[in-house]
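Remarks on the structure that follows.
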Amino acid sequence: MKKEKNENIEEKLYKLAYIDKVTNIENNNFFLEKGTKLLEKGFEGYLLIIDIGKFKAFNKKYGRIIGDSLLKNIGIKLKEILGEKRIITRLANDVFAVILEEKEQKELTQIVEKLLKELSNIEVEKNKYKILISIGISKIEKEDKDIFEILDKAIIARDEAKKNFNKKYHIFNQELENQIIKEHDIELIMEEGIQNQEFKVFYQPKVNAKNEKVEEAEALVRWERENKLIPPNEFIPVFEKNKFIIQLDKYVYEQVCKDMKEWKEKYNKKIKVSVNISKQHIVQDGFIEEYYKITKKYNVNPNEIELEITETTELDEQFGISKILENLKEKGFKISIDDFGTGYSSLSMLQQIPVDVIKIDKSFVDQIKMLEIMILIAKKMDLKTVAEGVETNEQVQILKKLEVDLLQGFYYSKPLEKTEFEKYWQNN
Ligand code: C2E
Ligand code: CA
Ligand code: CA
């Protein structure tokens, strides 16, 4: 009699400490304790973090009760698919953690695919609901002893999976972590970079293919920090993700207009400059007015500016962008399609959006047939052509024969710091 009562209390205490009230499965305490014990024993397998995307919105849409039932049913479904014996826990609000002892990646992928399929379409009180599931996975090796470390890795992988609509699960790897650390380092110093004027505008000459005289230039940003140059490929993609590119592009643009004003006064001759602009930026409200204002502030005529944008693949996007480009053209700006040929819809894009110039991507500089076709199309459509990445005399001769309008590349000059560029321009 007495013993039974004791068991009851024990059971109650266990429940209190280790069972999640909403789903009736084990909670994060259980996960951490059990996980630690497993690692101490040299367990090998995988940790899965299963995340319900936009759960807050789900709750708002269907109400808290349905939301709770959903969580509960996910718990039930996980047990049904994986078996009662597995470690299946609710870690936090809309996050579940599962430990698998499978060792082969093939087995793992099969389980993960099954989970994704079954959980994305789940029944709650006789209705089926579509939900967004993302799964982050970290491998547990014999040597691993810290459950928090494994958890962090799975969370990093989960975040990666969430970012990507096409791949709903991600397995952690070291490069991913290094990349994230690097991006984080850049994010910590980017604003300081602008304040301290660490971003410098370099200019790469574009020469007329007929007489090889400098006719235009492309502005390319450089980041000088503590006497080191961080290459654009390291920070531009990060800035595109976190939208800091908008601030940077504006900063570069203002610098370019300032330089152009100075040159006009100093040399009494004009040069057309092209500026790169991120698509994120173009679609911002007020972008056109802002650029127009800067242009006017420095007495630059918009037709001395070419805005380089990269190809767009999404049709929706194309229609939106097309309208903005039309407005830009009305103000007098010239539009150039950068990296032409690398997207999927180059041709249809040319028909839908108003363009003045195409910049043939450097990967085509040795593909004569492709060059021929692209230049032919450009000519038919009355577009100016620029070949970028020109490195050899042989390439120059071919491009001249094909009647490209402008040549840009290391053969003539690399991007130059402002005063260096001025010298080059005056002498060529
Ligand atoms: P992009 O617009 O395609 O710029 C051309 C890139 O090719 C530049 O790299 C340039 O230095 C490089 N290049 C020039 N000539 C040659 C050549 O003969 N051979 C080879 N292999 N490369 C050549 P960079 O300066 O490192 O810039 C990389 C990318 O960063 C640019 O590609 C552009 O997409 C982006 N970027 C640079 N500045 C800005 C900016 O102010 N705003 C935005 N949004 N993006 C920028
Ligand atoms: Ca460019
Ligand atoms: Ca380019």
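Sequential numbering of the sequence shown, starting at 0, is according to numbering that gives the first Met the number 0.
Every residue, glycine too, gets a C-beta built ideally from N, C-alpha and C.
Predicted model only: the values in this text are computed from it and were never measured.
Ligand 1 has no heavy atom closer than 6 Å to the beta-carbon of Leu131.
Between Glu307 and the set Tyr61, Ala216, Arg63 and Ile73, the nearest pair of CA atoms involves Ala216. Nearest Cα to Glu288 within the set Gln350, Lys269, Glu329 and Val123: Glu329. A straight-line Cα-Cα distance of about 13 Å links Gln396 and Leu405.
Put simply, the backbone Cα of Phe201 is about 14 Å away from that of Gln407. Going by DSSP, Pro204 is part of the beta strand (DSSP E) stretching over Phe198 to Asn207. When DSSP assignments are scanned along the segment 279-357, the uninterrupted stretches of alpha helix (DSSP H) that are 4 or more residues long and fall wholly within it turn out to be 286-296, 314-329 and 345-351.
Annotated as proximal: Ile87 and Ile24, with beta-carbon spacing under 7 Å.
Beta-bridge partners assigned by DSSP to Thr88: Glu25 and Ala96. Within the same chain, and ignoring the five residues on either side of Ile98 in sequence, the residues whose Cβ sits closer than 6 Å to its Cβ are Leu46 and Ile86. Here the C-alpha atom of Ile245 lies approximately 44 Å from the C-alpha atom of Val21.
Partner residues in the beta bridge of Ile359, as assigned by DSSP, are Phe339 and Ala386.
Glu100 is positioned such that its CB atom lies no closer than 7 Å to that of Leu107. When only Cα atoms are considered, Asp184 and Lys60 end up about 38 Å apart. Straight-line spacing of the CA atoms in Asn326 and Lys152 works out to 47 Å. Under the three-state reduction of DSSP, Val403 is assigned to coil, being neither helix nor strand. Using a Cβ distance threshold of 7 Å, Lys113 and Asn120 do not count as a contacting pair.
Relative to ligand 1, the beta carbon of Asn275 is positioned inside 6 Å of a heavy atom. Rounded to the nearest angstrom, the gap between the Cα atoms of Met348 and Glu310 is 8 Å. For Ile121, the enclosing beta strand (DSSP E) begins and ends at Asn120 to Val123.
Set against 6 Å, the gap from the CB of Asp337 to the closest heavy atom of ligand 2 is smaller. In this structure Glu124 touches Ile65 by the C-beta definition: roughly 7 Å separates them, less than 8 Å.
For ligand 2, a non-hydrogen atom lies closer than 6 Å to the CB of Glu307.
Within the chosen limit of 6 Å, ligand 1 reaches the beta carbon of Pro231 through at least one heavy atom. Linking Gln394 to Lys400 through their CA atoms gives a straight-line distance of about 10 Å. For Asn232, the three-state secondary structure derived from DSSP is helix. If you ignore the 5 residues before and after Leu346, its C-beta comes within less than 8 Å of the C-beta of Ile376, all in its own chain and listed in chain order. Listed in chain order, the non-local C-beta contacts of Glu390 below 6 Å within the same chain comprise Gly408, Phe409 and Tyr410, local neighbours out to five positions each way being set aside. The segment 224-244 makes no contact with the segment 299-306: fewer than 3 CB pairs, one atom from each, lie closer than 8 Å.
The secondary-structure analysis by DSSP pairs Lys271 across a beta bridge with Glu215. One Cα belongs to Asp365, the other to Asn392, and the distance between them is close to 12 Å.
Straight-line spacing of the CA atoms in Glu39 and Lys138 works out to 15 Å. At a threshold of 6 Å, Glu387 counts as near ligand 3, since its beta carbon sits closer than that to one of the ligand's heavy atoms. Its Cα nearest to that of Glu191, the residue Leu247 stands out among Val255, Glu387, Leu247 and Ile75. Separation of Ala56 and Ala91 (C-alpha to C-alpha, rounded to the nearest whole angstrom) is 17 Å. Only residues of its own chain outside the window of five on either side were considered, and among them Val94, Ser133 and Arg157 have a CB closer than 6 Å to the CB of Asp50, listed in chain order.
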